[in-house]
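Per the UniProt record's numbering, residue 1 is the first one in the sequence shown, and the count goes up by one each step. Where a beta carbon is used, it is the ideal one built from N, C-alpha and C, also for glycine. Report on the structure given below.
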Amino acid sequence: MAMDASFSFPSDHVDDDDNDDDDHHHHHLELSSRQKTFTVFVHWLRSRRRLKILGRERRARACQRIAAGSAHSLVLTTKTLQSNASSDGTMLAAFGYDGFGQLGLARRGSLVAVAAGAHHSLALTSDGTLQACGDNGHGQATPPESEQAYTAIAAGAFHSLALQEDGNVACWGSNLYGKAPPEGIRGEFVSVAAAYNHSMALYVNGDVVCWGRNDFGQAPPEGVSGDFVAIAAGTRHSLALRSDGSIACWGDNADGQAPPEGVVGDFVAIAAGHYHSLAIRRDGNVVCFGANDRRQAPPDGVAGAFVAIAAGSTHSLALGIDGTTVMCWGENDYGQAPAGSI
1 MAMDASFSFP SDHVDDDDND DDDHHHHHLE LSSRQKTFTV FVHWLRSRRR LKILGRERRA
61 RACQRIAAGS AHSLVLTTKT LQSNASSDGT MLAAFGYDGF GQLGLARRGS LVAVAAGAHH
121 SLALTSDGTL QACGDNGHGQ ATPPESEQAY TAIAAGAFHS LALQEDGNVA CWGSNLYGKA
181 PPEGIRGEFV SVAAAYNHSM ALYVNGDVVC WGRNDFGQAP PEGVSGDFVA IAAGTRHSLA
241 LRSDGSIACW GDNADGQAPP EGVVGDFVAI AAGHYHSLAI RRDGNVVCFG ANDRRQAPPD
301 GVAGAFVAIA AGSTHSLALG IDGTTVMCWG ENDYGQAPAG SI
């Protein structure tokens, strides 16, 4: 949707009347008019910025259809893999380690997004409600009650985040290092990301807000300014996708997972794992960088026509443009990444 608007502020009022009350009255009306017009203008700018970000972010946010935990995987597809259908025909495939019941999402309602923590899982329905299952040792699989509908979700190792429709972030689970304050994070946010001990949110103006552990510079408390459209959080590193398609990186780079100079290219989506990172080029191919000890990040990348990616501890997933094909690579000791396409 495109929209144009013009606003004219009232000119300065000059009154030759010596009546102070009249002067005060006219001045008050003038300020009131200016204030109201300015408020409308600011709201319009914010709305325009939000629409601009959401439009550019559309493909990047498709990654909420696919998620990778420590040793389990979740995929929303349009065909049955190992799953049951939700009410709108979307299929949830859940595979890999199930020692905590993390593969047991109820699949009630129309699912629109999934998130995988270390050993717990979250799902978002089209009506803005949440489902959760798996390890709940820190309360990470018990979403708080809310009068607000949710629009996005993220799962860290032992904590969870959800974006409310008013732009604020709800947090629950372990709050070690301040990664999930129970009072939440207030702001005008459009997406969230969670990792082992830190969290991030993308502000409507394109800046990134960070909180939690910062021992490797992965969550600078002052945040990161930029024209970003998507974010991803790894164990000790962070990524942010710029509107021009390049990637900003910060935090631990011991395995090359977060080069401080960033990654130049025309990318549309990003994902961060334990010590590796993934990105989808506009042509659909996946670029990998970082640790490859379990073949989770082959330096030559993975060719294909992909629209969504996810990075787990030591495995990776990509969803094909057809919405049904899933490519897996990396460690598969629990069946979390069957070789090839499924």
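So residue i is in the beta strand (DSSP E); what residue range does that whole segment cover?
{"i": "Q164", "result": "H159 to Q164"}
{"i": "H72", "result": "H72 to T77"}
{"i": "F216", "result": "Taken as a continuous stretch (DSSP letters only), F216 belongs to no beta strand (DSSP E), as it is neither H nor E."}
{"i": "I66", "result": "I66 to A68"}
{"i": "E90", "result": "Looking at the sequence itself, residue 90 is Thr, so the reference to Glu does not match. From DSSP, T90 is part of no beta strand (DSSP E); its letter is neither H nor E."}
{"i": "G290", "result": "V286 to G290"}
{"i": "H315", "result": "H315 to G320"}
{"i": "Q131", "result": "L130 to G134"}
{"i": "H120", "result": "H120 to T125"}
{"i": "G212", "result": "V208 to G212"}
{"i": "A115", "result": "L111 to A116"}
{"i": "L232", "result": "The question names Leu, but residue 232 is Ala in the sequence shown. Here the beta strand (DSSP E) through A232 covers F228 to A233."}
{"i": "G251", "result": "I247 to G251"}
{"i": "I309", "result": "F306 to A311"}
Taking DSSP as the reference, what is the three-state secondary structure of residue i?
{"i": "L278", "result": "strand"}
{"i": "L103", "result": "coil"}
{"i": "T325", "result": "coil"}
{"i": "Y150", "result": "strand"}
{"i": "Q257", "result": "coil"}
{"i": "Y334", "result": "coil"}
{"i": "R242", "result": "strand"}
{"i": "A195", "result": "coil"}
{"i": "Y177", "result": "helix"}
{"i": "V264", "result": "coil"}
{"i": "G187", "result": "coil"}
{"i": "H237", "result": "strand"}
{"i": "S225", "result": "coil"}
{"i": "V169", "result": "strand"}
{"i": "Y97", "result": "coil"}
Is residue i near residue j, with beta carbons less than 7 Å apart?
{"i": "A116", "j": "A155", "result": "yes"}
{"i": "G223", "j": "V209", "result": "yes"}
{"i": "V286", "j": "G273", "result": "no"}
{"i": "D255", "j": "A291", "result": "yes"}
{"i": "S238", "j": "V229", "result": "no"}
{"i": "I66", "j": "A113", "result": "no"}
{"i": "residue 393", "j": "L176", "result": "Residue numbering for the chain in the displayed model covers 1 to 342; residue 393 lies beyond these limits and cannot be assessed."}
{"i": "Q140", "j": "S121", "result": "no"}
{"i": "Q304", "j": "W250", "result": "It should be noted that the sequence gives Gly, not Gln, for residue 304. Result no, Cβ atoms of G304 and W250 do not sit closer than 7 Å."}
{"i": "A240", "j": "A248", "result": "yes"}
Note down the Cα distance separating residue i from residue j, rounded to an integer number of angstroms.
{"i": "G104", "j": "A123", "result": "11 Å"}
{"i": "G184", "j": "N197", "result": "16 Å"}
{"i": "H119", "j": "H276", "result": "19 Å"}
{"i": "A271", "j": "G187", "result": "24 Å"}
{"i": "F158", "j": "A219", "result": "17 Å"}
{"i": "G96", "j": "L130", "result": "22 Å"}
{"i": "residue 366", "j": "D266", "result": "The shown model of the chain, from 1 to 342, leaves out residue 366, and the question about it has no answer."}
{"i": "G206", "j": "L163", "result": "16 Å"}
{"i": "C171", "j": "L111", "result": "21 Å"}
{"i": "I342", "j": "V75", "result": "11 Å"}
{"i": "A338", "j": "T325", "result": "The residue you asked about is not Ala; residue 338 is Pro in the sequence shown. Cα-Cα distance, rounded: 13 Å."}
{"i": "A106", "j": "E261", "result": "43 Å"}
{"i": "S126", "j": "A194", "result": "22 Å"}
{"i": "Q336", "j": "A311", "result": "11 Å"}
{"i": "D166", "j": "Q148", "result": "7 Å"}
{"i": "G212", "j": "A269", "result": "24 Å"}
{"i": "D322", "j": "G284", "result": "12 Å"}
{"i": "T314", "j": "V169", "result": "28 Å"}
{"i": "P10", "j": "V192", "result": "Caution is warranted here: a pLDDT of 30 is assigned to P10, below 50, making its placement in the model unreliable, and no coordinate value can be reported."}
Just tell me which of the options has its CA closest to the CA of residue i.
{"i": "G340", "options": "V263, A318 and G323", "result": "A318"}
{"i": "V263", "options": "D252, A279, G251 and A254", "result": "A279"}
{"i": "T77", "options": "A68, M91 and A67", "result": "M91"}
{"i": "G99", "options": "A152, L161, M200 and A71", "result": "A71"}
{"i": "Q296", "options": "R282, S316 and A305", "result": "S316"}
{"i": "D293", "options": "A132, E331, F216 and G245", "result": "E331"}
{"i": "D252", "options": "G245, R236 and G178", "result": "R236"}
{"i": "P182", "options": "R282, P144 and G69", "result": "P144"}
{"i": "Q64", "options": "I309, M327 and Y334", "result": "I309"}
{"i": "V204", "options": "R282, I231 and V307", "result": "I231"}
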